[in-house]
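So for the sequence shown, the working numbering puts the first residue at 770; every next one is plus one. The C-beta atom is built at its ideal place from N, Cα and C for all residues, glycine as well. Treat the numbers as computed from the prediction; the structure is a model and nothing was measured. What follows is a single structure, written as structure tokens, with notes after it.
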Amino acid sequence: MEKKTVFLTGACGGMGFQGLKRMLKDGDSYNTLVLVRDSEKNRNILKPYMALGNLEIVWGDLNDYETVYKCVEKSDLVLHVAAFVSPQADYDPQKAMQVNYGSTKNLITAIKEQKRENKVKFVYIGTVAETGDRMPPIHWGRVGDPIKPSMFDYYAVSKVAAERYVIESDLKYWVSLRQTGIIGPAMSKIRDAIMFHNCYDNVLEYVSDRDSGVLLRNLSYQDATDTMDNAFWGHIYNIGGGEKCRVSTAEMFERLYGDIGIKDLSLILKPKMQATRNFHGHYYLDSDKLENFVHFQRDSMEYYYDCYIKDLGATAPMAKVMCKVPGGEKLMATVMGNMFNKLADGEHGTKHFIDCDMEDRIEAYWGSRKAWEALPENYNDFNHFFDWDKQIILDHGYDESKPESELTLEDMKKAAEFRGGECLSTKIKKGDWSTQLEFKCAFGHTFKASPRLVLEGGHWCDECERKSWNYGQRAKVDPFFAQVWKPLHEDDELREYPKEVSELDVK
770 MEKKTVFLTG ACGGMGFQGL KRMLKDGDSY NTLVLVRDSE KNRNILKPYM ALGNLEIVWG
830 DLNDYETVYK CVEKSDLVLH VAAFVSPQAD YDPQKAMQVN YGSTKNLITA IKEQKRENKV
890 KFVYIGTVAE TGDRMPPIHW GRVGDPIKPS MFDYYAVSKV AAERYVIESD LKYWVSLRQT
950 GIIGPAMSKI RDAIMFHNCY DNVLEYVSDR DSGVLLRNLS YQDATDTMDN AFWGHIYNIG
1010 GGEKCRVSTA EMFERLYGDI GIKDLSLILK PKMQATRNFH GHYYLDSDKL ENFVHFQRDS
1070 MEYYYDCYIK DLGATAPMAK VMCKVPGGEK LMATVMGNMF NKLADGEHGT KHFIDCDMED
1130 RIEAYWGSRK AWEALPENYN DFNHFFDWDK QIILDHGYDE SKPESELTLE DMKKAAEFRG
1190 GECLSTKIKK GDWSTQLEFK CAFGHTFKAS PRLVLEGGHW CDECERKSWN YGQRAKVDPF
1250 FAQVWKPLHE DDELREYPKE VSELDVK
């Protein structure tokens, strides 16, 4: 029997390359095809593998439809890992949308133009950033919770639009895997203002780059050998490393800086330089679902802490020695603090927002200047959240105990009402999660969406989504969405933040 071909995008990125290395060991089971931008860096990364008979490298761009079409033509499974990610995406919203949405559209269009929508399997890598800020006490979440990309997070905005396109694509075999923060060498090298957007009491259920690679390999192997459970397809999953990868930002800082000898965090952490909201992340109530299909969870946070120390090289032992000398800990903190100040003064830095009196940013990241002023000067006086095990499970507005096969029009009408809107459709085939229905949102926009998109995906009105971040206004009329807004915001927080770009700008 002829071997299948797996088409991997993003093969030179953190997750993609970890997957590629493992996938190439399965040469007897399937061939691997990669589409990679032609650059000296990428050629150096792939040089050790160029002679392998089970790997085909196509040098090109995902925004070149003709090239994408030819790659898809050879493929049985598409792993769409490539993305223009944060923090780089924060500096170029247009590119983020063009790359992240545009590439997804090209891949799916190619599949459909080849009339292979019932054959080619499509794996889309989404992001935890789609559900945005989930600070305590709503720090536990699951697939189906409201889509809520944080203000000014155009990476998340582009990924929301792309995921919607995937779910509504009419492909028979698709999944969206929402990737979380990826721990590994790449994360340990981040030196960007985004460091100050990640709130002290924010949490993430991270996953390692290595485990992400195992996920891609296991998925590819199971598909190639026809051992993947068919129930896997047609759903959305959270990628997470499990309990051993759950940590708050403050806990992470305590460990990282403690490992180089800085025990008094007040010497290095300044509450007024750190956002208190508007990032992304939560612990997963459902990351076991994906694990049960592809069995990839191995690493713990210890892997990241080891990567951090390794990245510092000789600096790490020197710092430990220095911090043991009288005054050394303070000196080390001063050196690092100077670097942090420079980052926080940058275009997307928190200090820059305050110093330049950028009201929209100040309201987004702290609520108000008054709220920022109320923050303590000393980190030791910061009031942390500690009840991490307390789970507030959000209501999705329909009877989740029913089998999917029992879904009715009445279920959809109740769900729409719980979202402040209305289901305008008058009939539905019982148990049909794929056919689009017609809805009206609380602001009068009519739109079409499938039950899968709304109930399992947490998506709602596409016109509201592409126009602005109108979360304060929406929470007043949408009980479903209010669950992720009201616990973290005051009733008078009604600012509407216009968006610079939408998927309609992609040609």
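C-beta atoms of residue i and residue j nearer than 8 Å
{"i": "Leu789", "j": "Thr774", "result": "no"}
{"i": "Gly1213", "j": "Arg1188", "result": "no"}
{"i": "Asp978", "j": "Gly783", "result": "yes"}
{"i": "Leu846", "j": "Phe786", "result": "no"}
{"i": "Gly950", "j": "Gly1050", "result": "yes"}
{"i": "Tyr1266", "j": "Lys917", "result": "no"}
{"i": "Asp1028", "j": "Glu1098", "result": "no"}
{"i": "Glu1234", "j": "Pro862", "result": "no"}
{"i": "Tyr1148", "j": "Ser989", "result": "no"}
{"i": "Phe1208", "j": "Glu1191", "result": "yes"}
{"i": "Val805", "j": "Ile826", "result": "yes"}
{"i": "Ala955", "j": "Asp922", "result": "no"}
{"i": "Gly1115", "j": "Ala1211", "result": "no"}
{"i": "Ala1244", "j": "Lys1236", "result": "no"}
{"i": "Tyr924", "j": "Glu1272", "result": "no"}
{"i": "His849", "j": "Tyr893", "result": "yes"}
{"i": "Gly734", "j": "Glu1060", "result": "With the chain running from 770 to 1276 in the structure shown, residue 734 is simply not present."}
{"i": "Ser1219", "j": "Gln1205", "result": "yes"}
{"i": "Tyr975", "j": "Leu1025", "result": "no"}
{"i": "Met1105", "j": "Ile1037", "result": "yes"}
Status (buried if at least 16 other CB within 10 Å, exposed otherwise) for residue i
{"i": "Phe1022", "result": "buried"}
{"i": "Pro905", "result": "buried"}
{"i": "Thr1018", "result": "buried"}
{"i": "Pro915", "result": "buried"}
{"i": "Asn858", "result": "Per the sequence shown, residue 858 should be read as Ala rather than Asn. That one is buried."}
{"i": "Val1223", "result": "buried"}
{"i": "Thr900", "result": "buried"}
{"i": "Ala1000", "result": "exposed"}
{"i": "Asn1007", "result": "buried"}
{"i": "Ala1102", "result": "buried"}
{"i": "Arg1138", "result": "exposed"}
{"i": "Ala1143", "result": "exposed"}
{"i": "Lys888", "result": "exposed"}
{"i": "Met1127", "result": "exposed"}
{"i": "Leu1100", "result": "exposed"}
Reduced DSSP category for residue i - H, G, I as helix; E, B as strand; rest coil
{"i": "Ala851", "result": "coil"}
{"i": "Glu899", "result": "helix"}
{"i": "Ala1218", "result": "strand"}
{"i": "Thr1084", "result": "helix"}
{"i": "Glu825", "result": "strand"}
{"i": "Cys1210", "result": "coil"}
{"i": "Leu846", "result": "strand"}
{"i": "Arg911", "result": "coil"}
{"i": "Arg947", "result": "strand"}
{"i": "Pro918", "result": "coil"}
{"i": "His1064", "result": "coil"}
{"i": "Gly1003", "result": "coil"}
{"i": "Phe1154", "result": "coil"}
{"i": "Thr1045", "result": "coil"}
{"i": "Val1275", "result": "coil"}
{"i": "Asn967", "result": "coil"}
{"i": "Val1090", "result": "helix"}
8 Å CB neighbourhood of residue i in its chain, flanking five on each side removed
{"i": "Gly895", "result": "Lys928, Ala931, Glu932, Ser945, Leu946, Arg947, Gln948 and Ile1005"}
{"i": "Gln1160", "result": "Trp909 and Leu1054"}
{"i": "Ile814", "result": "Cys781 and Phe786"}
{"i": "Leu1257", "result": "Asp902, Met904, Ile907 and Arg1046"}
Nonlocal neighbours in the same chain, by C-beta distance under 7 Å from residue i, ignoring five residues either side
{"i": "Lys1183", "result": "Gly1166 and Tyr1167"}
{"i": "Glu809", "result": "none"}
{"i": "Phe1249", "result": "Pro915, Gly1166, Phe1187 and Arg1188"}
{"i": "Asn823", "result": "Leu793, Gly796, Asn800 and Thr801"}
{"i": "Gln883", "result": "Val841 and Glu842"}
{"i": "Phe1062", "result": "Asp998 and Phe1001"}
{"i": "Lys1093", "result": "Gly1030"}
Chain-order list of residues whose beta-carbon lies under 6 Å from that of residue i (same chain, five-residue window excluded)
{"i": "Ser957", "result": "Cys1076, Tyr1077 and Asp1080"}
{"i": "Arg1264", "result": "Glu1132"}
{"i": "Asn875", "result": "Tyr834 and Val837"}
{"i": "Ile877", "result": "Ser938"}
{"i": "Val926", "result": "Pro918"}
{"i": "Val868", "result": "Phe853"}
Supposed close pair residue i, residue j - CB separation, criterion 8 Å
{"i": "Met866", "j": "Asp1274", "result": "6 Å"}
{"i": "Phe1048", "j": "Asn967", "result": "5 Å"}
{"i": "Leu1176", "j": "Trp1202", "result": "6 Å"}
{"i": "Phe965", "j": "Met1070", "result": "Actually they do not touch by this definition, with Cβ atoms about 21 Å apart."}
{"i": "Lys890", "j": "Asp992", "result": "6 Å"}
{"i": "Leu940", "j": "Ile880", "result": "7 Å"}
8 Å Cβ cutoff, residue i in contact with chain B
{"i": "Gly1050", "result": "The chain labelled as chain B is not found in the depicted structure, where only one protein chain is given."}
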